Each structure stands twice: as C-alpha cells, then as structure tokens.
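Going letter by letter, the sequence shown gives residues 14 to 455 in my numbering. Where is the CB? At the ideal position from N, CA and C, for every residue including glycine. None of these values were measured; they are calculated from a predicted model.
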Amino acid sequence: MTEHDSHGLKDMNELVSLCKRRGFVFPSSEVYGGINACWDYGPLGIELKRNVKERWWRAMTDRDDVEGLDAAILMHPRVWEASGHVAGFVDPLVDCKKCKSRFRADKLDPGVLESKKCPSCGGELTEPRQFNLMFRTFMGPVEDSASVVYLRPETAQGIYVNFLNVQQSSRQKIPFGIAQIGKAFRNEITPGNFIFRTREFEQMEMQYFVKPGTDMEWFEKWKAIRIQWHLDNGIRPSKLRFHQHGPGELAHYAKAAFDIEYEFPFGWQELEGIHNRTDFDLSRHQEFSGKKLEYFDEESKERFVPYIVETSAGCDRSLLVILADAYRFDGERTWLTLHPSMAPYKIAIFPLMKKPELLEFSNRVYEDVRKQFRSTTDAAGSIGKRYRRQDEIGTPFGVTIDYDTLSNQTVTVRHRDSMAQERISAEKLGSYVADKFQSWGK
Ligand code: ATP
Numbered sequence: 014m015t016e017h018d019s020h021g022l023k024d025m026n027e028l029v030s031l032c033k034r035r036g037f038v039f040p041s042s043e044v045y046g047g048i049n050a051c052w053d054y055g056p057l058g059i060e061l062k063r064n065v066k067e068r069w070w071r072a073m074t075d076r077d078d079v080e081g082l083d084a085a086i087l088m089h090p091r092v093w094e095a096s097g098h099v100a101g102f103v104d105p106l107v108d109c110k111k112c113k114s115r116f117r118a119d120k121l122d123p124g125v126l127e128s129k130k131c132p133s134c135g136g137e138l139t140e141p142r143q144f145n146l147m148f149r150t151f152m153g154p155v156e157d158s159a160s161v162v163y164l165r166p167e168t169a170q171g172i173y174v175n176f177l178n179v180q181q182s183s184r185q186k187i188p189f190g191i192a193q194i195g196k197a198f199r200n201e202i203t204p205g206n207f208i209f210r211t212r213e214f215e216q217m218e219m220q221y222f223v224k225p226g227t228d229m230e231w232f233e234k235w236k237a238i239r240i241q242w243h244l245d246n247g248i249r250p251s252k253l254r255f256h257q258h259g260p261g262e263l264a265h266y267a268k269a270a271f272d273i274e275y276e277f278p279f280g281w282q283e284l285e286g287i288h289n290r291t292d293f294d295l296s297r298h299q300e301f302s303g304k305k306l307e308y309f310d311e312e313s314k315e316r317f318v319p320y321i322v323e324t325s326a327g328c329d330r331s332l333l334v335i336l337a338d339a340y341r342f343d344g345e346r347t348w349l350t351l352h353p354s355m356a357p358y359k360i361a362i363f364p365l366m367k368k369p370e371l372l373e374f375s376n377r378v379y380e381d382v383r384k385q386f387r388s389t390t391d392a393a394g395s396i397g398k399r400y401r402r403q404d405e406i407g408t409p410f411g412v413t414i415d416y417d418t419l420s421n422q423t424v425t426v427r428h429r430d431s432m433a434q435e436r437i438s439a440e441k442l443g444s445y446v447a448d449k450f451q452s453w454g455k
C-alpha cells in the first residue's frame, strides 16, 4: 500500500460531509428534511459533473464513427413493452413485518431468505413480490390506462428507435455508434451509498451498430476503450477491474457482458456495463412497431438487422468514483487529488495580504490566467487556510502574490499534492501550468 493509498477514503460519510461543506453535493429539499436518496449538485459539483460529461462526450464523439443524440425522456409506452421493461424490469421485494425494512430478495443471503427472519431486527419477512422499477405517470389531463407513460429507466431505447433516423441523416455506414447523455429514473428498492444508487440519475450511453459476426471483435475493442477512459480520469488502476457476467447473471438480451467495477469503501461495485446485446433490441422494435429497422450494405448488397455493442456508464457514479478515488486525509490535511481535467478550478490566485498594490497585481494575474484556465481568487484569511480550502476542492495549483512579486515579477506556485512551492516568473504562469497539465501523471 502506498502512502497515498493509506490516506484514502475509508468511510463514505467523510466524503458526504466534504461534498456538503464545499458545495459539491447537497441533500435534495434539505429545508424540508430531505427526500430519500435524492441529491442536488452545488456550484462545484455541477462544474465537476460538466467536466465528466464533457470528457465523455469528446471521447465518444471526436471520432468519425460516432454521432450524438438527445432523445426525449417520455417515449411511446410501446417502447417499454418492446424493450422488455414492462414485463421484466422487476426486482423481488421483501418487507419486514416488524421493523418495516425493505430488501431486494436477490441481494439477501439465501440463508436469510430461507429462515424468513429480518437481518435487521429478526422479525418476520414477507414472501418476495415482484416490483416494477419504472416510474409511471399520465400524459394529458385524463388519468386512465390509455394515457400511462413512463419516465425512461435507461437512455438506450431512445437510441434504438432513432437508429435509422441517425444513420440516414448522417450518412453513416456500419459500423457506427450513437452516443447520448441524459436522465434516467428507476424506482429503486434499496437506493443509497450517497449518489451511488439513486432514483433519478444520469447515464452516458453509447450504442455501436455492427455487422453480425463482427460483434465480439467490437465488444473487445470497446471494453479496452472504456476502461482506459476511467484511467485517463486519474482513477488508480488497482481500484478498477472487469467483472464478467456468468450465465446466471446475463440479461435476457445479452450474448456477453462485462462490468467495469470500482473498489468503493463499501466493496467492489459496478461503474459501467459493456454489453453485446445482439440484434435483440432492433428486432423487438421491428416486431412491435411494424417498421423495418434493417441496414442495407451497399457494397455487399446484404440486408441485415445490426448487432449492438453497448457501453453504459453512470454519470453520477463516475463522478462519485472520481471523488472517492481522489479523497485523501492524513490526520491533519484533507485534499482531493483530482485530475486537472476534472478539477472545478485549475488555479487559485492569492494576494498575500489585502493591500491595494498586491490586490492590483493579483487581479491582473487572475484576469490573465482565467482566459486560459477556470480559476478562482481568494484574499480572505491566512494563506495557510486559503491553501487548505483549495486542497479540499482539488485545485491543482495555488499562486501567491507577495511583495517580492512587485519588485521582481515572480510568483509562488504551490502544488496541491506535494505542497512543494516554486518561484516562477508571473508572465510564464500560463505556459508553466499548461506544461504541467500536459505531462500530468506521466
Ligand atoms: P444494478 O444491477 O446495480 O441495479 P444495473 O446492472 O441494472 O445496476 P445498468 O442497467 O447496466 O445497471 O446501468 C448502467 C449504468 O447506469 C450502471 O453501471 C450505473 O453506472 C448506472 N446506474 C444504474 N442504476 C443506477 C442508479 N440507480 N443510480 C445511479 N446510477 C445508476
């Protein structure tokens, strides 16, 4: 274990409290006592989230073979019959008759289920009953069965039903993919672990359409691309692994499935799924809609229903991994070793004291660097406290302007992780930071 690992996150509550204190994530509707498992992103949380999405979007769509899409959350109810969600998107739920705790039967120890005793209080458990995870609502003023619609439980279906629209309008040839970021909703029985499992969350999904027979080759390629993306976010390699779905775990539509897992303080858990979904989705939508969803290959003159390789990542969960992995506490100092591409602020500018001549120089430096990097400035309190505040939000560099700055135009740059300080020419600050970011982690 390295020194940094031993300073890593042990208890999620430490992170929950830092997130609240520094404005990353707040409990939703807090003034009303909060609402279970709903969270709001604060000023720094939304910056971090935008960075996560931006990196994902660039990684996915800065390729000639992937197009973007933003489909509606509310879709035709038949979509969810075709997808299998109306019949099959269910979890088995058991209740404790005494303490009213709820459990997912598939997550309980088989011995507990057999004994029918509540693991919390020893009370009697009910028989498992199937519970559909989709949120239902009504479209229009009449609340009858004909107007039932669902909040989408995944973004993928919006991509499948637009397959031909995107392919024809963008003139893509197979293989090609469609990427989408958007909200999804699941009425989870056991949400929790902060933003790990919530009922409203964002997904970052990409569906890649391939010729049958080439699917396993693409599946392997996307597995490699996707784990690299998490590594490039600065996640420690020792905390990431693949988990292959065994025959019992494999979803009805999948030919092969791997999860990318992260080791949280509460154990190894799924962060992203990579699935070979075969032609299940497009075939089902053909069947239910009566519309052909085939591809015609001009070269070989073949007509076929493409196979789909899916990469499905949680945006909030990726963000949680980034925060959890970056968290450090050495008994005195708390800091986030965020990768610069993720840090809400890249540079913090500090005038040593609130003296007009220092403030004036400091503002000039600040206005200059913020053209290039998202930056912040802070003139209040002791310099040590100001450093600590930035450490806690993961700002890679602190820059101090003091009286020497006025005489020789140099500034002190402090490194967040090592706390090392160097003096450099104020003029070179932008290029100095750009160089450091370029070679970060190398
Ligand atoms: P589980 O079995 O843990 O409920 P799942 O296998 O159904 O999850 P997928 O349907 O594969 O999950 O969803 C893809 C990704 O979406 C997950 O890897 C995760 O990052 C994210 N995700 C799914 N459900 C939630 C949720 N309730 N809260 C936050 N993120 C979620």
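Nearest to residue i (by Cα), restricted to the options the options
i	options	result
V107	W93, E127, D53	E127
L295	D77, Y221, D329, F151	Y221
R184	D310, C51, E43	D310
V223	L351, C109, K305, E323	E323
M73	A264, D338, W242, C134	W242
P188	G58, N206, L263, M219	M219
I360	R429, R330, A337	R429
S444	Q422, R387, V382, G411	V382
Q357	E373, T389, Y340, A337	Looking at the sequence itself, residue 357 is Pro, so the reference to Gln does not match. With distances taken between Cα atoms, P357 lies closest to T389.
V38	R330, K120, I437, G171	R330
E67	G46, R76, T408, S354	S354
F293	K314, D272, H265, Q282	H265
K368	A393, F386, L349, K384	A393
Y308	I208, S395, Y173	Y173
Closer than 7 Å: residue i CB and nearest the ligand ATP heavy atom
i	result
L263	no
G280	no
Q220	no
R468	Here the chain has residues from 14 to 455 only, and residue 468 is not among them.
E201	yes
F214	yes
S325	yes
T211	yes
E285	yes
E311	no
E167	yes
Residues near residue i by beta carbon distance below 8 Å, same chain, minus five either side
i	result
E370	L419
A100	E94
F232	A269, I287, N289, V322
G6	Residue coverage of the chain in this structure runs from 14 to 455, which leaves residue 6 outside it and unanswerable.
P278	L22, K23, D24, M25, A337
I248	Y275, V334, I335, D338
F255	K236, I240, F271, D272, I273, E274
Close Cβ partners of residue i (< 6 Å) along its chain, the five nearest in sequence each way excluded
i	result
M152	S160, V162
M14	For M14, the pLDDT reaches just 48, beneath the cut-off of 50, and the residue's location in the model is therefore unreliable, leaving the point undetermined.
F450	P353
Paired residues, beta bridge with residue i - DSSP
i	result
D104	F144
A270	H288
A361	T389, G411
M217	I194, A326
V161	F151
I437	V424
V223	Y320
E315	D310
Contact set for residue i: own chain, Cβ-Cβ below 7 Å, skip 5 residues either direction
i	result
N145	F102, V103
Y400	G411, R427
F301	R91, E94, A95
Neighbour flag for residue i against chain D, beta carbons, 8 Å
i	result
I59	You won't find chain D in this structure, because it holds only one protein chain.
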